[in-house]
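*Asks:* Just so you know, the sequences run in chain order A and B. Under this note's numbering, the letters of the first sequence match residues 1 to 270, in that order. Under this note's numbering, the letters of the second sequence match residues 1 to 270, in that order. What follows is a single structure, and I will ask about it in a moment.
Protein chains: 2
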Amino acid sequence: MVLFIIGLGLYNEKDISVRGLEIVKEADYVYMEYYTSILGVDRDNLEKFYGRPILLADREVIENEFDKEILEKAIDKKVALLVVGDPLSATTHIDLFLRAAKINVKVEILNNASIINACGLTGLSLYRFGEAITIPFFNKNWRPYSFYEKIYKNYKNDLHTLVLLDIKLREVSDENLLKGKKIFEPPRFMSINVAIDQLLECEENIKLNFVNKDLICYGVARLGAPDQKIVSGNIFELKEVDFAGPLHSLIICAPNLHSIEKEMFQFYKK
Amino acid sequence: MVLFIIGLGLYNEKDISVRGLEIVKEADYVYMEYYTSILGVDRDNLEKFYGRPILLADREVIENEFDKEILEKAIDKKVALLVVGDPLSATTHIDLFLRAAKINVKVEILNNASIINACGLTGLSLYRFGEAITIPFFNKNWRPYSFYEKIYKNYKNDLHTLVLLDIKLREVSDENLLKGKKIFEPPRFMSINVAIDQLLECEENIKLNFVNKDLICYGVARLGAPDQKIVSGNIFELKEVDFAGPLHSLIICAPNLHSIEKEMFQFYKK
Numbered sequence: 001m002v003l004f005i006i007g008l009g010l011y012n013e014k015d016i017s018v019r020g021l022e023i024v025k026e027a028d029y030v031y032m033e034y035y036t037s038i039l040g041v042d043r044d045n046l047e048k049f050y051g052r053p054i055l056l057a058d059r060e061v062i063e064n065e066f067d068k069e070i071l072e073k074a075i076d077k078k079v080a081l082l083v084v085g086d087p088l089s090a091t092t093h094i095d096l097f098l099r100a101a102k103i104n105v106k107v108e109i110l111n112n113a114s115i116i117n118a119c120g121l122t123g124l125s126l127y128r129f130g131e132a133i134t135i136p137f138f139n140k141n142w143r144p145y146s147f148y149e150k151i152y153k154n155y156k157n158d159l160h161t162l163v164l165l166d167i168k169l170r171e172v173s174d175e176n177l178l179k180g181k182k183i184f185e186p187p188r189f190m191s192i193n194v195a196i197d198q199l200l201e202c203e204e205n206i207k208l209n210f211v212n213k214d215l216i217c218y219g220v221a222r223l224g225a226p227d228q229k230i231v232s233g234n235i236f237e238l239k240e241v242d243f244a245g246p247l248h249s250l251i252i253c254a255p256n257l258h259s260i261e262k263e264m265f266q267f268y269k270k
Numbered sequence: 001m002v003l004f005i006i007g008l009g010l011y012n013e014k015d016i017s018v019r020g021l022e023i024v025k026e027a028d029y030v031y032m033e034y035y036t037s038i039l040g041v042d043r044d045n046l047e048k049f050y051g052r053p054i055l056l057a058d059r060e061v062i063e064n065e066f067d068k069e070i071l072e073k074a075i076d077k078k079v080a081l082l083v084v085g086d087p088l089s090a091t092t093h094i095d096l097f098l099r100a101a102k103i104n105v106k107v108e109i110l111n112n113a114s115i116i117n118a119c120g121l122t123g124l125s126l127y128r129f130g131e132a133i134t135i136p137f138f139n140k141n142w143r144p145y146s147f148y149e150k151i152y153k154n155y156k157n158d159l160h161t162l163v164l165l166d167i168k169l170r171e172v173s174d175e176n177l178l179k180g181k182k183i184f185e186p187p188r189f190m191s192i193n194v195a196i197d198q199l200l201e202c203e204e205n206i207k208l209n210f211v212n213k214d215l216i217c218y219g220v221a222r223l224g225a226p227d228q229k230i231v232s233g234n235i236f237e238l239k240e241v242d243f244a245g246p247l248h249s250l251i252i253c254a255p256n257l258h259s260i261e262k263e264m265f266q267f268y269k270k
């Protein structure tokens with residue numbers, strides 16, 4: 001019948017739209033995708049507020065069992081898939097859309113706020129953002145520097161960069177993978193401080209000479225939540241700030257701010 | 001006490017979040033800004049569904065009478081200002097935030113979907129968009145071509161461009177302005193077809209040689225509404241499509257699409 005992919009917004013069970021809530025209450029099955037992002041509340045709160053049992057769909061379900069577990073049900077039932085933030089910000093969900101289209105299952109998308117528009121809370125013009133960049137966790141053997149070069153490209157085009165920070169949910173360690181043991185590691189969320197350390201390491205090695213005390217940025221944490229934190233400053237100032245719990249993002253400002261952007265920058269100055 | 005700036009989302013009275021609706025029901029005053037965008041429904045529907053009278057705030061109120069008409073009330077009352085789409089996508093609302101901060105009125109922003117994330121419905125990666133560009137209506141004496149050069153800049157950086165099309169709401173004609181008559185012209189919304197004509201005029205005069213049959217784009221109309229229309233094709237193909245009523249936007253694709261973007265492009269092909 002229909003697969004509804006419903007954006008939950010940024011923080012808690014009440015950030016769903018009124019229409020989204022109506023659909024959840026009527027749907028035959030309600031799934032929640034939970035590996036590309038997190039909400040500020042747990043499943044129990046959602047179930048209590050929505051009055052519906054919620055089936056969790058982790059990475060394995062979405063990537064390997066989606067057709068059988070979810071899509072087949074949507075052939076003759078109403079199925080809701082809840083997604084934190086906005087549904088189509090991640091390629092994963094576009095792929096689901098295409099898989100549904102191939103077997104003629106109708107898909108309805110309910111957009112919602114995501115980090116992409118919430119970073120407008122800083123006062124930076126959303127129209128001046130270049131490509132969004134993700135910083136992955138470095139490890140002993142894998143320290144890719146391409147994100148640094150991409151941020152530089154936006155910077156020299158006088159554009160802001162939204163820098164998304166790595167999330168590891170329900171990962172299996174290499175050691176356990178080799179042993180065939182499906183034991184999940186505790187979740188890891190990259191902090192702004194770690195992201196800045198990694199950026200400084202890139203600067204030291206590639207030397208494009210822009211990650212220095214003149215580089216102004218915003219650190220933002222838990223946007224949309226009551227305890228959201230927004231701090232502006234140069235990159236060394238932000239490195240010293242404790243932003244507390246996840247999710248963190250970093251925004252690297254264009255070298256030239258417009259007048260209203262400057263005023264907001266002062267407002268949020270460390 | 002508090003000024004709540006609440007995003008209404010893209011289409012109708014049910015696209016507000018559950019928390020937004022709770023605030024509207026409790027607020028002492030409810031205003032609605034209505035000159036930077038439009039909803040698919042009128043004020044009556046909103047008032048009926050929200051169960052509250054809604055005061056309209058047009059351009060004059062927001063730009064000239066905001067402090068006295070709205071902000072002063074928020075010193076000791078709860079005031080909700082409803083905004084179509086997402087609150088901080090327009091510079092206007094960032095300015096309101098700053099004006100409130102200056103007199104220590106607390107502001108709470110409720111984000112919602114806007115055209116900026118809804119254009120993810122095309123399947124184009126939201127992370128690959130460059131600067132968003134607005135095309136203004138040409139008139140006899142004013143035919144600025146700078147938007148064309150800005151689109152080209154994204155294009156040669158292999159980025160997509162969201163092109164917003166001009167809206168004229170409650171404008172007074174030059175003639176009536178001279179006579180001191182405050183008579184509002186009927187609203188005007190630029191269509192995709194007019195936008196393409198203007199782009200072709202730029203190409204003819206500036207000749208950066210990219211607005212040609214190889215330029216692939218999306219035309220999108222009324223995103224988020226039940227009758228939304230999404231069509232992909234080259235720029236000449238889209239010029240012939242009737243997208244019907246407002247709001248229209250144009251998306252100029254990067255020259256190289258990723259594999260999933262290509263699949264979605266075929267799905268929406270004219």
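We put the beta carbon where it would ideally sit given N, CA and C, even for glycine. The structure displayed is predicted, hence computed values, not measured ones.
Grab the span of the alpha helix (DSSP H) containing B:Phe-265 for me, first residue to last.
*Replies:* Here residue 265 of chain B refers to the residue found at position 265 of the second sequence. First-last of the alpha helix (DSSP H) with B:Phe-265: 259-267.
*Asks:* Quick check: A:Ile-6 and A:Leu-110, are their CB atoms within less than 9 Å of each other?
*Replies:* Translated into the one-based positions of the first sequence, residue 6 of chain A becomes position 6. Translated into the one-based positions of the first sequence, residue 110 of chain A becomes position 110. Contact annotation: A:Ile-6 and A:Leu-110 have beta-carbon atoms nearer than 9 Å.
*Asks:* Whose C-beta lies closer than 8 Å to the C-beta of B:Glu-72 among residues of the same chain, with five residues either side of it excluded?
*Replies:* In the second sequence, residue 72 of chain B corresponds to position 72, counting from 1. None.
*Asks:* Are the CB atoms of B:Leu-88 and A:Leu-126 within a distance shorter than 9 Å?
*Replies:* Looking up residue 126 of chain A in the first sequence gives position 126. Looking up residue 88 of chain B in the second sequence gives position 88. Cβ distance < 9 Å, so A:Leu-126 and B:Leu-88 count as in contact.
*Asks:* Whole-angstrom Cβ separation of B:Glu-33 and B:Leu-81, contact assumed at under 8 Å?
*Replies:* For the purposes of this step, residue 33 of chain B is taken as residue 33 along the second sequence, with counting starting at 1. For the purposes of this step, residue 81 of chain B is taken as residue 81 along the second sequence, with counting starting at 1. Rounded, the Cβ-Cβ distance is 6 Å, consistent with contact.
*Asks:* When you check each C-beta in the region 240-266 of chain B against every C-beta of chain A, which residues fall closer than 7 Å?
*Replies:* Ile-260, Glu-263, Met-264
*Asks:* Given A:Phe-210, which residues of its chain have a CB within under 7 Å of its CB, disregarding the five upstream and five downstream residues?
*Replies:* Along the first sequence, one-based indexing puts residue 210 of chain A at 210. These residues qualify, in order along the chain: Tyr-152, Tyr-155.
*Asks:* Using a cut-off of 8 Å between C-beta atoms, extract the partners of A:Gly-224 located in chain B.
*Replies:* Counting from one through the first sequence, the residue named residue 224 of chain A turns up at place 224. Simply Asn-111.
*Asks:* In the region 223-255 of chain A, which residue ranges form an unbroken beta strand (DSSP E) of at least 3 residues, counting only runs that do not cross its ends?
*Replies:* 229-234, 248-252
*Asks:* When you compare the region 246-266 of chain B with the region 183-190 of chain B, are there three or more beta-carbon pairs, one atom per stretch, that lie closer than 8 Å?
*Replies:* Contact holds: three or more Cβ-Cβ distances are below 8 Å.
*Asks:* B:Ile-115 and B:Leu-162: beta carbons closer than 9 Å?
*Replies:* Locating residue 115 of chain B in the second sequence gives position 115, where the first residue counts as 1. Locating residue 162 of chain B in the second sequence gives position 162, where the first residue counts as 1. Contact flag set, yes.
*Asks:* Just to confirm, is the Cβ distance from B:Ile-62 to B:Ile-103 under 9 Å?
*Replies:* Against the second sequence, residue 62 of chain B aligns to sequence position 62. Against the second sequence, residue 103 of chain B aligns to sequence position 103. No, the Cβ-Cβ distance between B:Ile-62 and B:Ile-103 is not below 9 Å.
*Asks:* For A:Thr-134, report the span of its beta strand (DSSP E) as first-last.
*Replies:* For the purposes of this step, residue 134 of chain A is identified with residue 134 of the first sequence, where counting begins at 1. That run of the beta strand (DSSP E) goes 133-135.
*Asks:* With DSSP run on the structure shown, which of helix, strand or coil describes A:Arg-188?
*Replies:* Working through the first sequence from its first residue, we reach residue 188 of chain A at position 188. Of the three classes helix, strand and coil, the one that applies to A:Arg-188 here is strand, per DSSP.
*Asks:* Measuring alpha carbon to alpha carbon, tell me which of B:Ser-146, B:Lys-179, B:Glu-131, B:Glu-149 ends up nearest B:His-160.
*Replies:* Counting from one through the second sequence, the residue named residue 160 of chain B turns up at place 160. Nearest in C-alpha terms to B:His-160, of all of B:Ser-146, B:Lys-179, B:Glu-131, B:Glu-149, is B:Glu-131.
*Asks:* Check whether the Cβ of A:Asn-157 lies closer than 9 Å to any Cβ atom in chain B.
*Replies:* Walking along the first sequence from the start, residue 157 of chain A turns up at place 157. Judged by the 9 Å Cβ criterion, A:Asn-157 is in contact with chain B.
*Asks:* Going along the chain, which residues of its own chain have a beta-carbon closer than 8 Å to the beta-carbon of A:Glu-263, five neighbours each way excluded?
*Replies:* Sequence index remark: in the first sequence, residue 263 of chain A carries index 263 (1-based). Result list for A:Glu-263: Gly-123, in chain order.
*Asks:* Which residue marks the beginning of the alpha helix (DSSP H) containing A:Thr-91, and which one marks its end?
*Replies:* By one-based count along the first sequence, residue 91 of chain A stands at place 91. Segment 91-102, the alpha helix (DSSP H) holding A:Thr-91.
*Asks:* Tell me the start and end of each unbroken alpha helix (DSSP H) in the region 3-64 of chain A that is at least 4 residues and wholly inside, in chain order.
*Replies:* 18-26, 43-50
*Asks:* My parser needs the beta strand (DSSP E) runs of 3 or more residues fully inside the region 124-163 of chain B; what are they?
*Replies:* For the region 124-163 of chain B, whole beta strand (DSSP E) runs of length 3 or above, ordered along the chain, are 133-135.
*Asks:* Any Cβ of chain A within less than 9 Å of the Cβ of B:Ser-89?
*Replies:* Position 89 of the second sequence, counted from the start, is the residue given in the question as residue 89 of chain B. Chain A, which has a Cβ nearer than 9 Å to the Cβ of B:Ser-89, makes this yes.
*Asks:* Check whether chain A comes within 9 Å of B:Gly-219, counting only Cβ atoms and requiring the distance to be less than that.
*Replies:* Here residue 219 of chain B is taken as the residue at index 219 of the second sequence, counted from 1. No, its Cβ sits nowhere closer than 9 Å to a Cβ of chain A.
*Asks:* In angstroms with no decimal places, state the Cα-to-Cα distance between A:Asp-58 and A:Asp-95.
*Replies:* Stepping through the first sequence from its first residue, residue 58 of chain A is reached at position 58. Stepping through the first sequence from its first residue, residue 95 of chain A is reached at position 95. C-alpha separation (whole angstroms): 16 Å.
*Asks:* Does the CB of A:Gly-123 have a neighbour CB from chain B at under 9 Å?
*Replies:* Here residue 123 of chain A refers to the residue found at position 123 of the first sequence. Output row for A:Gly-123: interface = yes.
*Asks:* Using 9 Å as the threshold, is the C-beta distance between B:Asp-86 and A:Asn-117 below it?
*Replies:* Locating residue 86 of chain B in the second sequence gives position 86, where the first residue counts as 1. Locating residue 117 of chain A in the first sequence gives position 117, where the first residue counts as 1. Closer than 9 Å, so yes.
*Asks:* By Cβ distance, which residues of its chain are closer than 8 Å to B:Thr-134, with the 5 residues on each side in sequence left out?
*Replies:* As a working note, residue 134 of chain B is residue 134 in the second sequence. Excluding positions up to five away in sequence, the list reads Phe-147, Val-163, Leu-164, Leu-165, Asp-166.
*Asks:* So that I know if they touch, is there some Cβ in chain C lying closer than 9 Å to that of B:Leu-126?
*Replies:* Absence of chain C from the displayed structure is noted, the protein chains being A and B.
*Asks:* Check B:Ile-206 in the structure and name its three-state DSSP category.
*Replies:* As a first step, residue 206 of chain B is located in the second sequence; it is residue number 206 there, counting from the start. B:Ile-206: helix per DSSP, three-state reduction.
*Asks:* Along the alpha helix (DSSP H) that carries B:Leu-178, what are the first and last residues, could you check?
*Replies:* Position 178 of the second sequence, counted from the start, is the residue given in the question as residue 178 of chain B. Looking at the DSSP string, the run of the alpha helix (DSSP H) that includes B:Leu-178 is 174-178.
*Asks:* Could you pull the start and end residues of the beta strand (DSSP E) that A:Ala-80 belongs to?
*Replies:* On the first sequence, position 80 is the one that residue 80 of chain A refers to. Note, A:Ala-80: beta strand (DSSP E), 78-83.
*Asks:* On the three-state DSSP scale, how would you describe A:Glu-72?
*Replies:* The residue given as residue 72 of chain A occupies position 72 in the first sequence. Here A:Glu-72 sits in coil by DSSP.
*Asks:* Looking at the secondary structure, which residues open and close the beta strand (DSSP E) in which B:Ile-116 lies?
*Replies:* For this step, residue 116 of chain B is matched to residue 116 along the second sequence. No beta strand (DSSP E) holds B:Ile-116; the alpha helix (DSSP H) holding it covers 115-118.
*Asks:* Since A:Val-105 is in the beta strand (DSSP E), which residue starts that stretch and which ends it?
*Replies:* On the first sequence, position 105 is the one that residue 105 of chain A refers to. Where A:Val-105 is concerned, there is no enclosing beta strand (DSSP E), given that its DSSP letter is neither H nor E.
*Asks:* Ignore the nearest five residues each way along the sequence and tell me which others in A:Tyr-285's own chain have a CB closer than 6 Å to its CB.
*Replies:* Lying before the first or after the last residue shown, residue 285 of chain A is absent from chain A, which here runs from 1 to 270.
*Asks:* Considering only the alpha carbon of each residue, which of A:Lys-77, A:Ala-100, A:Glu-60, A:Glu-65 lies closest to A:Val-30?
*Replies:* Here the question's residue 30 of chain A lines up with position 30 in the first sequence. A:Val-30 has its Cα closest to that of A:Lys-77, out of A:Lys-77, A:Ala-100, A:Glu-60, A:Glu-65.
*Asks:* Contact criterion: CB-CB distance below 9 Å. Does A:Asp-15 meet it with respect to chain B?
*Replies:* Position 15 of the first sequence, counting from 1, holds the residue named residue 15 of chain A. At least one chain B Cβ lies under 9 Å of A:Asp-15.
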